[in-house]
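Trainee: Numbering (the working numbering), first residue to last: 44 to 296. One structure, as structure tokens, below. Some questions next.
Here it is, written out as structure tokens:
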């Protein structure tokens, strides 16, 4: 997976910025199931990346921080439980507590193995939840939301920036108390810039926080979102540094 690995590596260097969209890693070798999960979760505003083998998934976890993992067990090059075992295993003495892979990443096992002993084994290895195939996508997302709530603790606070009030949990923006209508991508662009107030972000940096691996990105997509945001945000407008990128000025906070 050289090309995919390179993309993940570039993103890992920018991960200090908070991602407005929850990033989910789907580890599933069945192309139909993987595509269905990816499409359904993306419609529900998650950023979704797919790996099909143990090796590929472990490499991704070493290079990128995910908010949750949906893990199949029967994979072409081994058992998915090996990923879980290594993820939850002991860290090297003296290692960086922020290093990847993150042992606290929530994991939901998705498998056709429906025996009680197998469910117990998966949970004992450190899985946060276990769902047997076939499953209902609404139930899956409900379990995913519950996992993310447990992992995240309290909801993120509302951020105030000038005349704007941004609620990351509800994904809403108010300007002078009035709700501002915006698309999911527009909200994500605004949120990324808010988290980096005073710092210039390039178009590539913004794109890497909005799109999953392999997603086709139109060359002017970020510029279009910025244009729409400027029309809606008024005095809290986004500043352009020509040839460099975009930023929100700190003095407006």
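Every residue, glycine too, gets a C-beta built ideally from N, C-alpha and C. Owing to the predicted nature of the structure, the values given are computational and were not obtained by experimental measurement.
By a C-beta neighbour count over all protein chains shown, 10 Å radius and 16 as the cutoff for buried, is residue 149 buried or exposed?
Mentor: The residue in question, residue 149, is buried, as its Cβ has 16 or more Cβ neighbours within 10 Å.
Trainee: Measuring only the C-alpha atoms, how far is residue 187 from residue 273?
Mentor: 34 Å
Trainee: Quick check: the Cα distance between residue 162 and residue 219, rounded to an integer number of angstroms?
Mentor: Taking the straight line joining both Cα atoms gives about 51 Å.
Trainee: Starting from residue 27, trace the beta strand (DSSP E) both ways and give me its first and last residue.
Mentor: Lying outside 44 to 296, the shown extent of the chain, residue 27 is not represented and no answer is given.
Trainee: Helix, strand or coil, according to DSSP, for residue 167 in the structure here?
Mentor: helix
Trainee: So what does residue 150 bridge to, in DSSP terms?
Mentor: 112
Trainee: Have a look at residue 214 and residue 230 and give me their C-alpha separation to the nearest angstrom.
Mentor: 7 Å
Trainee: Give the straight-line distance between the Cα atoms of residue 128 and residue 168, rounded to the nearest whole angstrom.
Mentor: 6 Å
Trainee: Among the candidates 69, 207, 267 and 110, whose CA atom is the shortest distance from the CA of residue 12?
Mentor: Here the chain has residues from 44 to 296 only, and residue 12 is not among them.
Trainee: Can you tell which of 66, 154 and 106 has its C-alpha closest to the C-alpha of residue 144?
Mentor: 106
Trainee: When DSSP builds the beta bridges, which residues end up paired with residue 290?
Mentor: Residue 290 pairs with 282.
Trainee: Is residue 71 buried or exposed, if buried means 16 or more other CB atoms sit within 10 Å of its CB?
Mentor: Buried: at least 16 other Cβ atoms inside 10 Å.
Trainee: Between which two residues does the alpha helix (DSSP H) containing residue 143 stretch?
Mentor: It is not in any alpha helix (DSSP H) - residue 143 carries neither H nor E in the DSSP assignment.
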